[in-house]
Amino acid sequence: MPLALCGSNVALAQQNVSFDIEKPPFEYTKTADDNRVSRLIAKLKSKEIKLQYTREQGYLASMLEALEIPPSSQTLVFSKTSMQVRYISPRNPRAIYFNDDTYVGWVRGSSLMEISTFDPKLGAAFYTVDMMPWRAKIERASYDCLGCHVTSMTQGVPGHTVRSVLPNIDGSVDPQSASSITSHRSPFSQRWGGWYVTGRHGEMTHSGNALLRGGRLDTHDNGNRLNLRDEFDTYDYLSPYSDIVALMVLEHQSQTHNAMTRADFSVRQLQHAQSKREPTEESESEWRAQLHLIAKPVVEALLFCDETELTSDVKGLLEFSHTFEGYGPSDDQGRSLRQFDLKTRMFKYPLSYLIYSNAFDSLREELRREVVRQLLDVLEERDTSQTYAHLTSQMRRDILEILRATKPGFEREAS
21 MPLALCGSNV ALAQQNVSFD IEKPPFEYTK TADDNRVSRL IAKLKSKEIK LQYTREQGYL
81 ASMLEALEIP PSSQTLVFSK TSMQVRYISP RNPRAIYFND DTYVGWVRGS SLMEISTFDP
141 KLGAAFYTVD MMPWRAKIER ASYDCLGCHV TSMTQGVPGH TVRSVLPNID GSVDPQSASS
201 ITSHRSPFSQ RWGGWYVTGR HGEMTHSGNA LLRGGRLDTH DNGNRLNLRD EFDTYDYLSP
261 YSDIVALMVL EHQSQTHNAM TRADFSVRQL QHAQSKREPT EESESEWRAQ LHLIAKPVVE
321 ALLFCDETEL TSDVKGLLEF SHTFEGYGPS DDQGRSLRQF DLKTRMFKYP LSYLIYSNAF
381 DSLREELRRE VVRQLLDVLE ERDTSQTYAH LTSQMRRDIL EILRATKPGF EREAS
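Take a look at the structure:
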């Protein structure tokens, strides 16, 4: 079979692939978790650490410290789009905090805190924290979470999403109303419906800080907010901000995590099916074509393909930006993949910092090698296709130099 024909058939098949996550090779609810949160649970049980409770926020601040999540990552969503809808409103938004792999959701007045995290076998793993003054009971939660967190919005795998909706005045959302998934590809004007947004963004418009009035989203004077003290009582929150730069990082990170999980699940499912068949020359050729196609969306997400161009400078909290950039790593010239641009694009060197993450390193070996091969083809200018036209020759050289200095052995993955 000619490889081109094989590739075209495979491409169609990959577009339609779906997963039954409760069947082999996944068996989601039966599979033991092994991630940042499960390790915290073990430390709590062994009394290696103890969480501190406060009347205003329960275990929030202590939990963030234990999970190494910066409070400056706070973003606020006021649409009723989570399991705690009865608590959430424009006067009482849900706070979300995150680092490179873990997300914490907290609602004022609720004794329940939600946590999700990347897990090498599960994709995203979900937990609830029952916050009583005398103890924080952390339990893995699957059934209540998977209804929303395994859908087309999460690319069909257990994952996360930043959703832009049209919220009513009480924060409720009509199930039939338009909504969209926000990523670095989204038009700026369509981002963050149902979210609060603080920070400067010049003449660019967005859909945050706005409610439906008369059947239309009222975006009059909704931009360039410096804080949210006029919107609701911010006293019990860790800050009066929902940082615009944190939101931009969150939307890129969530969809890139989902892309990696989908690719990994695709390879696992194919390998499981192949284990039941005798290999042939034709099946090996098809496997190579499949692997190439499966890896490509990961490469495109990591390289910020189709990123919406910024037409004004974006300025958020210095605390979040400095904290995020400070995680590095940096090369001997001080360059880092975490350095923001925020003038025409999100990052100065557009290769995602998630290249350093456990999510990337724990991809199936065959998949990870194929992703690295494709990345090197782009960065070394063997692939000069239109898909990567946003990367100048200088950008490609800079990114490759940073990678060589900060991720030793990276290029060996391709061999």
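Per our numbering: the sequence shown = residues 21 to 435.
Even glycine gets a Cβ: it sits at the ideal position worked out from N, Cα and C.
It should be emphasised that the depicted structure is a prediction, and the values quoted were computed from it without experimental measurement.
Indicate the three-state DSSP secondary structure (helix, strand or coil) for GLY143 in the structure shown. Within the sequence shown, numbered from 1, the residue matching residue 143 stands at position 123. Here GLY143 sits in strand by DSSP.
Host alpha helix (DSSP H) of VAL287 (start-end): Indexing the sequence shown from 1 puts residue 287 at position 267. Where VAL287 is concerned, the enclosing alpha helix (DSSP H) stretches over 264-294.
Once you ignore the five residues that flank VAL398 on each side, which residues in its own chain have a CB closer than 6 Å to its CB? The residue you call residue 398 lines up with position 378 of the sequence shown. Here the set comprises TYR408.
Closest by CA to GLN406, which one among MET366, ASP326 and SER92? Locating residue 406 in the sequence shown gives position 386, counting from the first residue. Closest option to GLN406, Cα to Cα, is ASP326.
Helix, strand or coil for THR148? Go by DSSP, reduced to three states. On the sequence shown, residue 148 is found 128 positions in, with the first residue counted as 1. THR148 falls in the strand class under three-state DSSP.
Could you round the C-beta distance between TRP215 and VAL334 to whole angstroms and report it? I think they count as a contact, below 8 Å. Residue mapping note: residue 215 aligns to position 195 of the sequence shown, counting from 1. Residue mapping note: residue 334 aligns to position 314 of the sequence shown, counting from 1. About 15 Å separates the two Cβ atoms, so there is no contact after all.
Comparing alpha-carbon positions, which option in ARG155, THR49, SER66 and ASP403 lies nearest GLY18? Only positions 21 to 435 of the chain appear in the structure, and residue 18 is not among them; the question remains open.
Does the stretch 276-292 touch the stretch 312-319, meaning 3 or more C-beta pairs lie closer than 8 Å? yes
Just how far apart, CA to CA, sit TYR117 and GLN94? For the purposes of this step, residue 117 is taken as the residue at position 97 of the sequence shown. For the purposes of this step, residue 94 is taken as the residue at position 74 of the sequence shown. So the two alpha carbons sit approximately 5 Å from each other.
In whole angstroms, what is the alpha-carbon distance linking GLN72 and GLY129? Stepping through the sequence shown from its first residue, residue 72 is reached at position 52. Stepping through the sequence shown from its first residue, residue 129 is reached at position 109. So the two alpha carbons sit approximately 17 Å from each other.
Quick check: the Cα distance between ASN246 and TYR257, rounded to an integer number of angstroms? Taking the sequence shown and counting its residues from 1, one reaches residue 246 at position 226. Taking the sequence shown and counting its residues from 1, one reaches residue 257 at position 237. The question names Asn, yet the displayed sequence has Leu at residue 246. Taking the straight line from one Cα to the other gives about 16 Å.
Short of 7 Å in beta carbon distance, which residues of its chain neighbour ILE89, apart from the five on each side in sequence? Order them along the chain. Residue numbering aside, residue 89 sits at position 69 when the sequence shown is read from its first letter. Correct list, in chain order: TYR117, PHE118, ASN119, THR122 and VAL124.
Using only alpha-carbon positions, find the residue among PRO140, PHE208 and PHE340 that is nearest to ARG365. As a position in the sequence shown, residue 365 is number 345, starting the count at 1. The shortest C-alpha separation from ARG365 is found at PHE208.
Considering Cα atoms alone, identify which of ARG205, GLY213, PRO153 and ARG160 is closest to ALA230. Residue numbering aside, residue 230 sits at position 210 when the sequence shown is read from its first letter. Residue GLY213 is the option with its Cα nearest to ALA230.
Starting from VAL398, trace the alpha helix (DSSP H) both ways and give me its first and last residue. Stepping through the sequence shown from its first residue, residue 398 is reached at position 378. Its alpha helix (DSSP H) spans residues 385-399.
Starting from the N-terminal side, write out each stretch of the beta strand (DSSP E) that is 3 residues or longer and does not extend beyond the stretch 40-109. 95-97
Alpha carbon to alpha carbon, what distance is there between SER58 and GLU68? By 1-based counting over the sequence shown, the position of residue 68 is 48. By 1-based counting over the sequence shown, the position of residue 58 is 38. Cα to Cα, GLU68 sits roughly 14 Å from SER58.
Determine which residues share a DSSP beta bridge with ASN112 and list them. Counting from 1 along the sequence shown, the entry for residue 112 is found at position 92. Residue pairing for ASN112: DSSP places it in a beta bridge opposite SER109.
Grouping DSSP H, G and I as helix and E and B as strand, with all else coil, what is MET415? Taking the sequence shown and counting its residues from 1, one reaches residue 415 at position 395. In this structure, MET415 counts as helix in the three-state DSSP scheme.
State the CB to CB distance for the pair GLU401 and ARG416, rounded to an integer number of angstroms; the pair is presumed to be in contact (CB under 8 Å). Here residue 401 is taken as the residue at index 381 of the sequence shown, counted from 1. Here residue 416 is taken as the residue at index 396 of the sequence shown, counted from 1. Confirmed, Cβ separation roughly 6 Å.
Mark MET152 as exposed unless 16 or more other C-beta atoms lie within 10 angstroms of its C-beta, in which case mark it buried. Taking the first residue of the sequence shown as 1, we reach residue 152 at position 132. Counting Cβ neighbours within 10 Å, MET152 comes out exposed, since fewer than 16 surround it.
Can you check DSSP and say which residues form a bridge with SER136? Locating residue 136 in the sequence shown gives position 116, where the first residue counts as 1. Bridge partners of SER136: TYR123 and PHE146.
Straight-line Cα distance separating THR74 from ILE264: Along the sequence shown, read from residue 1 onward, the residue named residue 264 stands at position 244. Along the sequence shown, read from residue 1 onward, the residue named residue 74 stands at position 54. Each residue's Cα considered, the two are about 28 Å apart.
Starting from ALA230 and walking both ways along the alpha helix (DSSP H), at which residues does that stretch end? Working through the sequence shown from its first residue, we reach residue 230 at position 210. Segment: none, ALA230 is in no alpha helix (DSSP H) and carries neither H nor E.
Does the beta-carbon of GLU385 have 16 or more other beta-carbons within 10 angstroms, so that it is buried, or is it exposed? Here the question's residue 385 lines up with position 365 in the sequence shown. That one is exposed.
Among GLU159, GLU271 and ASN378, which has the Cα closest to the Cα of SER206? Along the sequence shown, read from residue 1 onward, the residue named residue 206 stands at position 186. Measuring C-alpha to C-alpha distances from SER206 to each of GLU159, GLU271 and ASN378 identifies GLU271 as the nearest.
Cβ atoms of ALA161 and PHE8: under 8 Å apart, would you say? Past the boundaries of the shown model lies residue 8; the chain is included only from 21 to 435, so the question cannot be answered.
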